[in-house]
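Last residue of the sequence shown? That's 327 in our numbering, and every number before it is there in order. Quick notes on the structure that follows.
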Amino acid sequence: MGLKLIVFDLDGTLIDSIEDIAASLNHAIATVGLKPLNSSAVVSLVGEGVGKLVERAIGSGLLHKKESVLKTFLSHYETHMLDNTRAFDTVEETLSALSSFNMVVVSNKTEAMSKLVIDRLNMSKHFRYVFGHDSFAKCKPSPMPVLKAMELCGTTQSETIVVGDSSFDIEAGKRAGTKTVAAAYGYRSIETLTAADYIIKERLIELLPIVKFLS
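Right under this line is the structure:
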């Protein structure tokens, strides 16, 4: 039937947000006496939602402080989420070129924060739905968010692709039965993305010939 639905990850795929995430995380962990982490260290912690991010940053010895640190992180991030965050190069023109397709964001941010940053970056017009880690009972790498997107858009596995920069995105797509596209320009090394059906190396606009081929 051809491609009808493109499911995008957000951070590391559509937007470069790691500096703001790191700044808010460091602000939060400082409240429990921890030293700041550099952006590379924070990259290794992200991918499974803010709860897991905070858990990994504070370690098992401070898990009793998780809720207070998480609250501080969320409060700071809501105010500072766009201090340095921008869409990656060619994202706007790529999304505009794909306007005839259903497009959905599946992030492991909260749904509210995902919608807020997408709105503030003037990208909301491109997406039929925006989902976060709290939108359904399970988040990526579970296939549930991808399957829900397919259900809501009325598409089949062969009519859907998943685009993301992490193994969580690729696993979610694979488990949902879709083709997958790895964004190697994001936060993960290309060596961790070899399970993807396709790899785009430099910019999102490299997705266009893949979409044309699958359509």
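Heads up, the beta-carbon is just placed ideally off N, CA and C, and yes, glycines get one too.
According to the neighbour-count rule (16 or more other Cβ atoms, all chains shown, within 10 Å of its Cβ), is residue 260 buried or exposed? By the neighbour-count rule (16 or more Cβ atoms within 10 Å), residue 260 is buried.
Is it true that the CB of residue 200 sits closer than 9 Å to the CB of residue 218? No.
CB of residue 198 within 9 Å of CB of residue 215, strictly: Going by C-beta atoms, residue 198 is not nearer than 9 Å to residue 215.
Host beta strand (DSSP E) of residue 120 (start-end): Note, residue 120: beta strand (DSSP E), 117-120.
Once DSSP output is grouped into helix, strand and coil, what is the label at residue 154? When DSSP states are grouped into helix, strand and coil, residue 154 belongs to the helix group.
Once DSSP output is grouped into helix, strand and coil, what is the label at residue 173? Looking at residue 173 - three-state DSSP - the assignment turns out to be helix.
Bridge partners for residue 198 per DSSP, in chain order? Residue 198 pairs with 128.
Within the same chain, show all residues whose beta-carbon is closer than 6 Å to that of residue 190, passing over the 5 residues directly before and after it, in chain order. Hits under 6 Å: none found.
Where DSSP assigns a beta bridge to residue 222, which residues make up the other side? Residue pairing from DSSP leaves residue 222 without any beta-bridge partner.
When you compare the CB positions of residue 125 and residue 231, do they come within less than 9 Å of one another, or not? Taking 9 Å as the Cβ cut-off, residue 125 and residue 231 do not qualify as a contacting pair.
Pairwise C-alpha distance: residue 262 and residue 324: Near 20 Å, if we compare the C-alpha coordinates of residue 262 and residue 324.
Top-ranked residue by Cα proximity to residue 312, from 246, 226, 223 and 206: If we check each option's Cα against that of residue 312, 206 comes out closest.
Per DSSP, which one or two residues make a beta bridge with residue 243? According to DSSP, which records beta bridges pairwise, residue 243 is partnered with 218.
With DSSP run on the structure shown, which of helix, strand or coil describes residue 294? Looking at residue 294 - three-state DSSP - the assignment turns out to be strand.
Would you kindly report the start and end of the unbroken beta strand (DSSP E) that includes residue 144? Where residue 144 is concerned, there is no enclosing beta strand (DSSP E), because DSSP gives it neither an H nor an E.
Endpoints, alpha helix (DSSP H) assigned at residue 189: Residue 189: member of the alpha helix (DSSP H) spanning 178-192, first to last residue.
Excluding the 5 residues preceding and the 5 following residue 211 in the sequence, name in chain order all residues of the same chain whose CB lies nearer than 8 Å to its CB. Excluding sequence neighbours, residue 211 sits near 238.
Please classify residue 279: is it buried, with 16 or more other beta-carbons within 10 angstroms of its beta-carbon, or exposed? Classification for residue 279: buried.
Kindly give me the distance between the Cβ atoms of residue 121 and residue 221, rounded to whole angstroms, as I take these residues to be in contact under 8 Å. At roughly 10 Å, the Cβ-Cβ gap does not stay under 8 Å, so residue 121 and residue 221 are not in contact.
Quick one: give me the first and last residue of the alpha helix (DSSP H) that residue 285 is part of. That run of the alpha helix (DSSP H) goes 279-288.
Continuous beta strand (DSSP E) stretch holding residue 206: start and end: No beta strand (DSSP E) contains residue 206, which is instead part of the alpha helix (DSSP H) from 203-209.
Where residue 123 sits in the DSSP three-state scheme: In the three-state DSSP reduction, residue 123 falls in the strand class (E or B).
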